[in-house]
Ligand code: VGL
Ligand code: ZN
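In our numbering, the protein residues as written are 7 to 208.
The structure is reproduced here in structure tokens:
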């Protein structure tokens, strides 16, 4: 079965010192590099927002981590992060994936956030990744990166819905963990039939 490794949002703003730093986020970098060396097909995703994006608290003059209702439903508001073309939006400088074949940028529509690498948060706007993976005859995905409880989880759940076998390498992920969101994410992924692994031999 053909497998793709998808490395999610290993960007400066999600690492210590970044605008939406995930605790210990940079710990995933060497682990993602090792995974990339072990896979033939590597896909990178990048959160890539225009300035004034609707997921930014500053756009609504509200506090970060509050929520608002947008056209597609409830949306958590974040500090400004991963603004197109900025240093914070670049991949971590130690991410070493020279053979990566596809880069998927998401969250580019000012009005719609996108946690999943497949569909934006309106659940219908496609990023194009599924089509690309289908053309490459990929049936199984290995996921790692940031953050376990947002972009990794939404990508994993959409991938299951689309019919992929999915393994999330928890040792190569780190979480934001807002109000128990990490535990909720692990449960949701388990229920959806995602294999949660830590890289130890089975
Ligand atoms: C992410 C919050 C906002 C993520 C992206 O990559 O998990 N989280 N934008
Ligand atoms: Zn974002």
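Glycine included, C-beta positions come from ideal geometry on N, C-alpha and C.
Just so we're clear, the structure is a prediction, and the values are computed from it rather than from any experiment.
* Does at least one heavy atom of the ligand VGL sit under 8 Å from the Cβ of residue 153? -> The count along the chain shown starts at 1 and reaches residue 153 at position 147. Yes; taking the cut-off as 8 Å, the Cβ of residue 153 has a heavy atom of the ligand VGL nearer than that.
* Would you mind giving the Cβ-Cβ distance between residue 118 and residue 71, rounded to the nearest angstrom? I have them listed as a contact below 8 Å. => Locating residue 118 in the chain shown gives position 112, counting from the first residue. Locating residue 71 in the chain shown gives position 65, counting from the first residue. With a Cβ gap of about 19 Å, residue 118 and residue 71 do not count as contacting.
* To the nearest whole angstrom, what separates the beta carbons of residue 94 and residue 19, a pair I think is in contact under 8 Å? -> Stepping through the chain shown from its first residue, residue 94 is reached at position 88. Stepping through the chain shown from its first residue, residue 19 is reached at position 13. With 8 Å as the limit, residue 94 and residue 19 qualify as a contact, their Cβ atoms being about 4 Å apart.
* Between which two residues does the alpha helix (DSSP H) containing residue 185 stretch? -> As a first step, residue 185 must be located in the chain shown, where it is residue number 179. Looking at the DSSP string, residue 185 is not in any alpha helix (DSSP H), and its letter there is neither H nor E.
* **Inter-residue CB distance, residue 98 and residue 16 (contact presumed, cutoff 8 Å)** => Here residue 98 corresponds to residue number 92 of the chain shown, with the count starting at 1. Here residue 16 corresponds to residue number 10 of the chain shown, with the count starting at 1. Confirmed, Cβ separation roughly 5 Å.
* To do: Assign residue 161 to buried or exposed, taking buried as 16 or more other Cβ atoms, counted over all protein chains shown, within 10 Å of its Cβ.
  => The sequence position of residue 161 within the chain shown is 155, counting from 1. Residue 161 comes out buried.
* **Whole-angstrom distance between residue 138 and residue 10, CA atom to CA atom** => What you label residue 10 is simply residue 4 of the chain shown in a count that begins at 1. What you label residue 138 is simply residue 132 of the chain shown in a count that begins at 1. Distance between the alpha carbons of residue 10 and residue 138: 11 Å.
* Cβ contact check for the region 121 to 128 and the region 29 to 41: 3 or more pairs under 8 Å -> no
* As assigned by DSSP and simplified to three states, the class of residue 131 -> Position 125 of the chain shown, counted from the first residue, corresponds to residue 131. Coil, per DSSP.
* Give the range of the beta strand (DSSP E) segment to which residue 150 is assigned. => As a position in the chain shown, residue 150 is number 144, starting the count at 1. Where residue 150 is concerned, the enclosing beta strand (DSSP E) stretches over 146 to 152.
* Distance, residue 131 Cα to residue 111 Cα -> Within the chain shown, numbered from 1, the residue matching residue 111 stands at position 105. Within the chain shown, numbered from 1, the residue matching residue 131 stands at position 125. One C-alpha to the other measures close to 13 Å.
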